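Participant: Let me begin by handing over the structure; questions about it come next.
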Amino acid sequence: MIKSLLLFYAFVISFSFSSCKKNYTCDCNTNSTLKTSNGDFVSIISPGSKTPYTEKMSKKQAIEACKHEQTSIQTNFTNGITGNGNSSLVAGESIVTSCNIIL
Numbered sequence: 004m005i006k007s008l009l010l011f012y013a014f015v016i017s018f019s020f021s022s023c024k025k026n027y028t029c030d031c032n033t034n035s036t037l038k039t040s041n042g043d044f045v046s047i048i049s050p051g052s053k054t055p056y057t058e059k060m061s062k063k064q065a066i067e068a069c070k071h072e073q074t075s076i077q078t079n080f081t082n083g084i085t086g087n088g089n090s091s092l093v094a095g096e097s098i099v100t101s102c103n104i105i106l
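Residue numbering for the sequence shown follows the working numbering, starting at 4 and increasing by one per position.
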């Protein structure tokens, strides 16, 4: 009886841990506000790929992976616009990347 009960609890605990891992997607958008040659500002929203992560992970793992992706995208856009730092953004220009996880 006790063995059966222990096996049952072990099954329930292992099932609860395995059910926490899911397939998440990091949904990112980059909003670039840039000055044109005639002095006007234009805002461009660039959506990310929304490719699901290939591995199941916990929500905490997905949030950390998405934060890393957000930083990488932000860096790539900034480097692309500024020529890897050879120029800088002028007053009023900005590049902002925001990411969220979705199921």
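Don't be surprised by glycine CBs; every beta carbon is placed ideally from N, CA and C. All values reported here derive from a predicted model rather than from experimental measurement.
1) Beta-carbon within less than 7 Å of M45's beta-carbon, same chain only, minus the 5 sequence neighbours each way: which residues are those?
2) From the DSSP output, which residues share a beta bridge with I76?
3) With distances taken between CB atoms, is the gap from P55 to T33 smaller than 8 Å?
4) Specify, as a first and last residue, the run of the beta strand (DSSP E) that L142 falls within.
5) How is K62 classed by DSSP in three states: helix, strand or coil?
Facilitator: According to the structure data:
1) Met is not the amino acid found at residue 45; the sequence shown has Val there. Excluding residues within five positions, the ones whose Cβ falls inside 7 Å are L37, T39.
2) DSSP lists no partner for I76.
3) Cβ atoms of P55 and T33: not closer than 8 Å.
4) With the chain covering only 4 through 106, there is no way to say anything about residue 142.
5) If DSSP states are grouped into helix, strand and coil, K62 belongs with the helices.
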